[in-house]
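Everything below concerns the one structure shown next.
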Amino acid sequence: MDWKKIYSDRKCTAEEAVKSIKSGDRVAFAHAVAEPPVLVDAMVANAAAYKNVEVCHMVTLGKGEYSHAEYKDNFRFNGWFTSPSTRKSIEEGHGDFTPVFFHEVPSYIRNGTFAIDVFMVMVSPPDEHGYCCVGVSSDYTMQAIKSAKIVLAEVNDQVPVVYGETFAHVSEFDKIVETSHPLPEIGLPKIGEVELAIGKNCASLIEDGSTLQLGIGAIPDAVLQSLKDKKDLGIHSEMISDGVVDLYEAGVINCSKKGIDNGKMTVTFLMGTKRLYDFAANNPIVEMRTVDYVNHPCVVAQSTKLVCINGCLSVDFMGQVVSDSIGTRQFSGVGGQVDFCRGAAMSLDGKGKNILAMPSVAKKKDGTKISKIVPFLDHGAAVTTSRHDVHYIVTEYGIALLKGKTLKERARALIAIAHPDFREELKVEFEKRFNAKF
Ligand code: COA
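Numbering (the numbering used here), first residue to last: 788 to 1225.
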């Protein structure tokens, strides 16, 4: 097969490529740092040619213009996760959200539950054999390339080559658009005293030789900053950010005792700065695998001393954890939170721990503080991690172990780590809720 001929025959402009999209199609694209922005912009610019094109993906760091009200006859956003630029469409009623565990997305694509007409992907230039690398996001991308009726590829010479399940042949792309632009960068979130205290509390639950999964947000980074004195840590995580590079360079992370994939940081996508992308490029320690492997609870369960740490928005007295909605407002998605919580609970060595961490209070728009530990969930809030799945809740005030505890024991443990300004009123609520003395 002369791949160079295939490549040059299929090369075209972004404007031509998006003409492959037809009204009524379902279009999906690679997510987070791997989103192909030139193709997405060209699709939006061609909006007048489409009616009712459904647009699906996980996280977006992009503009999300296809989800804006002005395009509601051309595009219908249907998120598997929502982000700042796409959330509003759901509140306005013309956008949608589909709940799905991240590890199930490839099988949904494969079995037609999420049948894709057109998939848009960003890749590195081809190597000497005609293989391009999907770089920073293997997750559902590899399955979508295989299953979509049409694949549009944005070949960006700044996409790093990262090893693992990350290569697709140019013959798998129907249209090829050459671009050159840096990948989006997500710098370290602001880590204040509260986040550092939460990080220290989480770190106290992590033993030497543990395998870590770290979620999105300031807290996972604060945890990493508190692990400088640990030894032989490993990574088996949906995503990693820059903090992992510091610990690897300090010799704290060496992946030597993981139980599976020893010697490798197993991840499904990367989200950080150029420093992380440069670290991952051509680096045999970074192993990108698809999300149906990395996040599958049965795979996660094989890790040694797995500790998974994820953020959450609110927890009720029973330990029901809300992480992806604020009342009826769809804020994000489950992502891999439950995949890892369940994997940790099923751990074959019996040492897995799942931790949901959050500051004890949130600030409302008018500046007033509210407790994130509540007697009852807000009207319309969706439970992300159930009371049956959760092990630990951590705030800046301490650690509440919920696993194996009664409802009253859970509520007492949670009130003990609530913000002191709210503890008295929570105790009163406890007595009403349980018809018992605190
Ligand atoms: N009630 C009302 N508003 C609340 C709230 C509550 N109980 N808790 C938080 N908020 C507000 C905050 O004030 C903040 O508002 P702002 O954007 O106006 O500043 C906003 O909600 C986000 O809260 P924050 O604590 O800053 O969130 P974060 O960026 O640290 O992310 C999650 C936390 C839970 C949203 C995020 O981790 C998530 O989406 N998790 C689900 C998916 C997941 O865990 N995947 C894991 C594998 S990657």
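Each residue gets a CB set at the ideal place from its N, CA and C atoms; glycine is no exception. Please read all numbers here as calculations on a predicted model, not as lab measurements.
Counted as a single uninterrupted DSSP element, the stretch harbouring residue 898 is not any beta strand (DSSP E) but the alpha helix (DSSP H) occupying residues 892-898. In this structure, residue 996 lies away from residue 933, with their beta-carbon atoms at least 7 Å apart.
In summary, residue 1163 is exposed, with fewer than 16 beta-carbon neighbours lying within 10 Å of its beta-carbon over all protein chains present. Annotation: residue 1172 to residue 887 spans about 13 Å, alpha carbon to alpha carbon.
Inter-residue distance for residue 1100 and residue 941 is about 36 Å (C-alpha atoms, whole angstroms).
Between residue 1040 and the set 1000, 1061, 893 and 1076, the nearest pair of CA atoms involves 1000. The closest heavy atom of ligand 1 lies 6 Å or more from the beta carbon of residue 987. With at least 16 other beta carbons inside 10 angstroms of its own, residue 843 counts as buried. Note that the C-beta distance between residue 1008 and residue 975 is below 7 Å. Taking the Cα positions, residue 1169 is about 24 Å away from residue 1133. Rounded to whole angstroms, residue 1073 and residue 1026 show a C-alpha spacing of 11 Å. For residue 1094, the enclosing beta strand (DSSP E) begins and ends at 1093-1098. Around the C-beta of residue 998, 16 or more other C-beta atoms lie within 10 Å, and the residue is accordingly described as buried. Taking a C-beta distance under 7 Å as the contact criterion, residue 1058 and residue 819 qualify as a contact pair. Between the segment 855-874 and the segment 1104-1119 there are three or more C-beta pairs closer than 8 Å, enough to call the two in contact.
Every beta strand (DSSP E) of 3 residues or more that sits fully in the segment 796-857 is shown, in chain order, as 813-816 and 840-843. Residue 1076 carries a coil assignment under DSSP once its states are collapsed to helix, strand and coil.
In the three-state reduction of the DSSP assignment, residue 1066 falls in the helix class. Taking 4 residues as the minimum length, the alpha helix (DSSP H) runs contained wholly in the segment 924-948 are 928-934, in order along the chain. Residue 849 sits away from residue 823, with the two beta carbons spaced by 7 Å or more.
Ranked by Cα distance from residue 810, the options 861, 802, 790 and 799 are led by 861.
The secondary-structure analysis by DSSP pairs residue 1022 across a beta bridge with 999.
The Cβ-Cβ distance between residue 919 and residue 905 does not fall below 7 Å. DSSP places residue 876 inside the alpha helix (DSSP H), whose first and last residues are 874-878.
Under a 10 Å Cβ-count criterion, residue 1061 is classified as exposed, with fewer than 16 other Cβ atoms of the shown protein chains found around its own Cβ.
Our two residues, residue 894 and residue 1209, have alpha carbons roughly 44 Å apart in a direct line. When DSSP reads this structure, residue 883 sits in a beta bridge with 865. In this structure residue 947 is in contact with residue 1067, their Cβ atoms being roughly 6 Å apart against a cut-off of 8 Å. The residue among 815, 977 and 914 with its C-alpha nearest the C-alpha of residue 847 is 815. Annotation for residue 1030: 1008 and 1011 place their beta carbon closer than 6 Å to its own, counting only its chain and skipping 5 residues before and after. When only Cα atoms are considered, residue 901 and residue 986 end up about 37 Å apart. Check the Cα spacing between residue 1138 and each of 1046, 1055 and 884: the tightest is with 1046. One thing to note: residue 853 has its Cβ no nearer than 7 Å to the Cβ of residue 892.
In this structure, residue 1225 places its C-beta atom within 7 Å of the C-beta atom of residue 1214. Under the three-state reduction of DSSP output, residue 955 falls in the strand class. At a Cβ-Cβ threshold of 7 Å, residue 1079 and residue 890 count as neighbours.
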